[in-house]
Amino acid sequence: MTRTLSIQPFSEKNSAATRKKEKFWRPSVAPHQPLLLQYLTVLSSLILVTVAAFVFTPIVGPHATALVYLLMVVVLSLVMNRGPAFIAGALSAVCWDFFFLPPTFAFAIHSFEDGMFFAMYFVVALALGQLTSRIRAQQKLEQQARFLGESERLSKTMLDSMSHELRTPIAAIQSAVGNLVEWENAGLSGFQREMIEEIIEATERLHRLVGNALEISRLESGAVRPNLTNCDPAELVHMSVSATEKKLAGHPVRVIIERDLPMAQLDFVLMQETLINLLSNTASHTPPGTPVEVSVYVEQGSLVFQISDRGPGIDLKALPRIFDKFYRASTAPAGGTGLGLSLVKGFVEAQGGTVCATNRAGGGAVFTVRMPLRQNAVIAQPSLKGESA
Amino acid sequence: MSGETTEKALVLVVDDEAQIRRLLRASLEMSGYGVVEAATGEDGVTQAIRCQPDIMLLDLGLPDMDGNTVLKRFREWSQAPVMVVSVRRQEHDKIAALDNGANDFITKPFGTGELLARLRVMRRNVQAQSRPEVFQTGNLTVDTTVRVVRIDGEPVRLSATEYALLLEFVRNAGKVLTHGHLLREVWGIDDAEKISLLRVYMGYLREKLEKVPTKPKLILTEPGVGYRLVVTD
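Keeping their order, the protein sequence lines are chains C and B.
Sequence positions in the first sequence follow our numbering and run 147 to 535.
Sequence positions in the second sequence follow our numbering and run 804 to 1036.
Dropping the structure here:
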């Protein structure tokens, strides 16, 4: 029933079989011979065919010989690069004209018919070489695309099963322990209750860590595709502030929303997680009682979300690194995952925005998220009160 | 916890994880539900036909078939409420499930208390199949016969579109309505991209109905999915 983590490299056997089948009727995708060898092959084939032609031309006539040359060009261009194929076409035309087209052993062409034949031969031989190599280039691209597609699918499968495998036991622990606490008739002693609280807290942290780590790997593998829809920035801010109410308890929170904000093309869920992560970060890095300000406004064609605090600010040494994966400032309280801010950066950049952190004049830190405003903006909400406590 | 229903309601739990099924069984049985388990989608479809559950609890990530397929096949013959269980970042699947007739969703991992509360609301909504002409939740009253909407007893003037939007919520009280569903039912627009229109009208509606429009208590936002009219317990 359970899905296993072992993932087979996309069925070897299968793709080998397809490759074989392709070779049967298609030119090989990438000639492996070095170029010099290819030119030598062209030259020797040309000599071989020319010598043979001296034998059969007197019987079949010079025009049939041209077709034999053409056959050679076709075969060569199937296995060779563009350059050698071009040379094979050109040289065979010259050879044919010089050795077999009357007057023989001269480049001169007497009849109009022969001239036309020569010109046509030349064009056909060259076009053939070019067409074949173009097909081959296309195939190469297709193969690359297929490979990329398959590796993308592979990493997605891996992430999906990782997510499933890791989250299921965590969910089981959470739900089992939750049940114990929720039913008052479970008859727990004070000590048992205390231990259970510890389990709950640790599981919660494990859950966050696993969730964040998976999210990071999804971002890095490009699996996070923002679903951009028209979002109301005010609603985003209010929902995120409500979601972090508990964590920010004890901090006076001021929300400042500019009037007549336009709708913004954002991924609501990613944006909400961005703001929640930033607010949680603020909550855990500032002493209780210090004010937090969340504002959203338009500036130079960007929608700006800003979270400012009056905490200790960010250490100058840490400042350039705070968005790095697993980077934790020396002052960071225990319990964090070291991933929150790198997730913020990933989420914001996935939607085409930027995020930066600075220290405030008068103490404290400011996190600024700038999201590009796209065309066709609509006024989000007509007359919502701008502020709330 | 129990005692709300005279007859034992039967819950069909479709989840591939044995441990999760056991845990759900334990908490559901403690709250007075009967439980039937299915470990695969195929099994879920069969069990549903065999035991005619009152509620289905359906995990979207099943090994043998898409949870949405199970849902569609169940909906071919049953209107029993379905609660979809999903993991974070499955907005698309959630929307599909809701549009396929799921009544609600819950995101893993969830607390048992929350699940039981949601199940109670879902059951109550189904039991009240024929909606009363006067709908009431929290401080909101909607009299559908005379089209009067009241907040704390005070009548509220709504435009035709605002009323149509509210009515759609009232008809599906407690249920998550996707953006696409609302646009289709209220505006007749079959294009989930026209979401800004919906957001604008949700703003109007909240402005008129909510005490603090920025902290809605009546119609909640389900991020990335849609909205839900809260039914007070």
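Where a beta carbon is used, it is the ideal one built from N, C-alpha and C, also for glycine.
Worksheet item: If you count every other CB in all the chains shown that lies within 10 Å of the CB of Pro379 (chain C), and 16 or more means buried, which is it?
Response: buried
Discussion item. Does chain B have any CB closer than 7 Å to the CB of Phe414 (chain C)?
Written reply: yes
Practice prompt. Reducing DSSP to helix, strand and coil, say where Pro379 (chain C) ends up.
Written response: helix
Item to complete: Could you pull the start and end residues of the beta strand (DSSP E) that Asp846 (chain B) belongs to?
Response: That residue, Asp846 (chain B), is in no beta strand (DSSP E); its alpha helix (DSSP H) goes 844-854.
Worksheet item: Does the region 364-379 of chain C come close enough to the region 488-496 of chain C that 3 or more CB-CB pairs lie under 8 Å?
Response: yes
Discussion item. Using 8 Å for Cβ pairs, my map puts Leu489 (chain C) next to Asn423 (chain C). What's the rounded Cβ distance?
Written reply: 6 Å
Worksheet item: Of all the beta strand (DSSP E) runs that stay within the bounds of the region 325-385 of chain C, which reach a length of 3 or more residues?
Response: 375-377
Discussion item. Along the region 307-336 of chain C, where does the CB come closer than 8 Å to a CB of chain B? Name the residues.
Written reply: Ser309, His310, Arg313, Thr314, Pro315, Ile316, Ala317, Ala318, Gln320, Ser321, Ala322, Gly324, Asn325, Glu328, Trp329
Discussion item. Please list, in chain order, the residues of the region 809-833 of chain B that have any C-beta partner in chain C closer than 9 Å.
Written reply: Asp819, Glu820, Ala821, Gln822, Ile823, Arg825, Leu826, Leu827, Ala829, Ser830, Met833
Worksheet item: Listing by chain order, which chain B residues have their CB less than 9 Å from the CB of Ser426 (chain C)?
Response: Ordered by position in chain B, no residue passes the 9 Å Cβ test against Ser426 (chain C), which lies about 16 Å from the chain.
Worksheet entry | Cβ-based burial, Gly991 (chain B) [other Cβ within 10 Å; buried from 16] | exposed
Practice prompt. Please classify Ser488 (chain C): does DSSP put it in a helix, a strand, or coil?
Written response: helix
Discussion item. Using a Cβ-Cβ cutoff of less than 6 Å, which residues in the same chain neighbour Val881 (chain B) once the five nearest sequence positions on both sides are dropped?
Written reply: The sequence as given places Ser at residue 881 (chain B); Val does not occur at that position. Answer for Ser881 (chain B): no residue qualifies.
Discussion item. Using the Cβ count rule (16 or more neighbours within 10 Å means buried), how would you classify Pro1016 (chain B)?
Written reply: buried
Worksheet item: Does the beta-carbon distance from Val885 (chain B) to Leu861 (chain B) come in below 7 Å?
Response: yes
Practice prompt. Output yes or no for whether 7 Å exceeds the beta carbon distance between Arg824 (chain B) and Val814 (chain B).
Written response: no
Fill in: N-terminal and C-terminal residue of the beta strand (DSSP E) that Leu1023 (chain B) is part of
1022-1025
Worksheet item: If you count every other CB in all the chains shown that lies within 10 Å of the CB of Met925 (chain B), and 16 or more means buried, which is it?
Response: buried
Fill in: Closer than 7 Å to chain C by CB, Arg1002 (chain B)
yes
Worksheet item: Terminal residues of the continuous alpha helix (DSSP H) containing Ser834 (chain B)?
Response: Ser834 (chain B) -> no alpha helix (DSSP H), and no H or E assigned at all.
Fill in: Run of the beta strand (DSSP E) containing Arg516 (chain C), from where it starts to where it stops
511-518
Worksheet item: How would you label Trp171 (chain C), buried or exposed, when you count the other beta carbons within 10 angstroms and need 16 or more for buried?
Response: Its pLDDT being 43, under 50, Trp171 (chain C) is placed unreliably in this model, and the value from its coordinates should be taken loosely. Classification for Trp171 (chain C): exposed.
Worksheet item: Which chain C residues are close to Thr849 (chain B), counting only those with a beta carbon under 8 Å from its beta carbon?
Response: Ordered by position in chain C, no residue passes the 8 Å Cβ test against Thr849 (chain B), which lies about 16 Å from the chain.
Discussion item. Taking the beta strand (DSSP E) that Asn505 (chain C) belongs to, which residues open and close that run?
Written reply: 500-505
Practice prompt. Out of C:Arg364, C:Ala254, C:Ser279, C:Thr187, state which residue places its alpha-carbon closest to the alpha-carbon of Met308 (chain C).
Written response: C:Arg364
Worksheet entry | Rounded straight-line distance, which links the Cα of Val195 (chain C) to that of Phe251 (chain C) | 16 Å
Discussion item. Counting only Cβ pairs nearer than 8 Å, list the residues of chain B close to Ala380 (chain C).
Written reply: Thr1017
Worksheet entry | Buried or exposed (CB count within 10 angstroms, at least 16 for buried), Thr981 (chain B) | buried
Fill in: Proximity test, Cβ basis, 7 Å: His397 (chain C) and chain B
no
Item to complete: Using a Cβ cut-off of 7 Å (strictly closer), state whether Lys911 (chain B) contacts chain C.
Response: yes
Worksheet item: Which residues in the same chain have their Cβ closer than 8 Å to the Cβ of Phe200 (chain C), if we skip the five residues on either side of it in sequence?
Response: Phe245
Worksheet item: Under 7 Å between C-beta atoms, does Thr915 (chain B) make it to chain C?
Response: yes
Worksheet entry | Contact list for Thr948 (chain B) against chain C, beta-carbon separation under 7 Å | In chain order: nothing, as chain C lies at least about 30 Å away.
Discussion item. Let me check one thing: in DSSP terms, what residues is Tyr1030 (chain B) bridge-paired to?
Written reply: B:Leu980, B:Thr1024
Worksheet entry | Residue range of the unbroken beta strand (DSSP E) whose run includes Thr910 (chain B) | 907-910
Worksheet item: Can you find a C-beta in chain B that's less than 7 Å from the C-beta of Gln128 (chain C)?
Response: For residue 128 (chain C) there is no data in the structure shown, the boundaries of chain C being 147 and 535.
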